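Following this note's numbering, the numbering of the sequence shown begins with 0 at its first residue and continues without gaps. C-beta atoms are modelled at their ideal positions from N, C-alpha and C, and glycine is treated no differently. Model, not experiment: these values are computed from the prediction. In what follows, a structure is listed as structure tokens, so that the remarks can point back to it.
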Amino acid sequence: MYASIFGNVSAIIQRLYSGTARYQIQMLRVKEFIRFHQIPNPLRQRLEDYFNHAWNYTNGIDMNMVLKGFPECLQADICLHLNSQLLKNCPAFKDASDGCLRTFSMKFKTTHAPPGDIITHRGDILTSLYFISRGSIEILKDDNVVAIL
């Protein structure tokens, strides 16, 4: 019995350590990138903040890499499941068919922005439509907050 308990505790500790080790390896890559490309301090801090925020949000799991291992029909079902709340809460998709929702959900790309980061700048050409699924976003005009969504 003690061997079984010890084995379970050992497995749990090993899983925890493997997550920490993966984090350390990825952070080391980020820091090497920063050093190699001589990224200046304000931008360096944004890179590190983004990495930490994304890691905390995903625990280092790249959803796109995981999904690539499954057939497209299963990917569509998973994407629909993962984005179901977003699709249900958006009036634009209210009357969309299940097939339409599956197709849309396959096209969604998740991005993360740490607090205080800028997603787009004035004058940027936008190629994406953004849905906020967690947190909030400030809309600025001439450095004044005009809305918080």
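Judged by DSSP secondary structure, residue 140 falls within the beta strand (DSSP E) whose first and last residues are 137 to 140. The three-state secondary structure of residue 82, taken from DSSP, is coil. Residue environment analysis places residue 83 among the exposed positions, since fewer than 16 neighbouring C-beta atoms fall within 10 angstroms of its C-beta. For residue 143, the enclosing beta strand (DSSP E) stretches over residues 143 to 147.
Residues of the same chain with a CB within less than 7 Å of the CB of residue 131, apart from the 5 flanking positions on each side, are 148 in chain order.
By the Cβ test, the segment 102 to 111 is in contact with the segment 65 to 79, since at least three Cβ pairs between them sit closer than 8 Å. Setting aside the 5 residues that flank it on each side, residue 136 is surrounded in the same chain by 148, each with a C-beta closer than 6 Å to its C-beta; the list follows chain order. Three or more beta-carbon pairs drawn from the segment 19 to 33 and the segment 51 to 71 are found closer than 8 Å, and the two stretches are therefore classed as touching. Residue 109 sits close to residue 62, with the two beta carbons spaced by under 8 Å.
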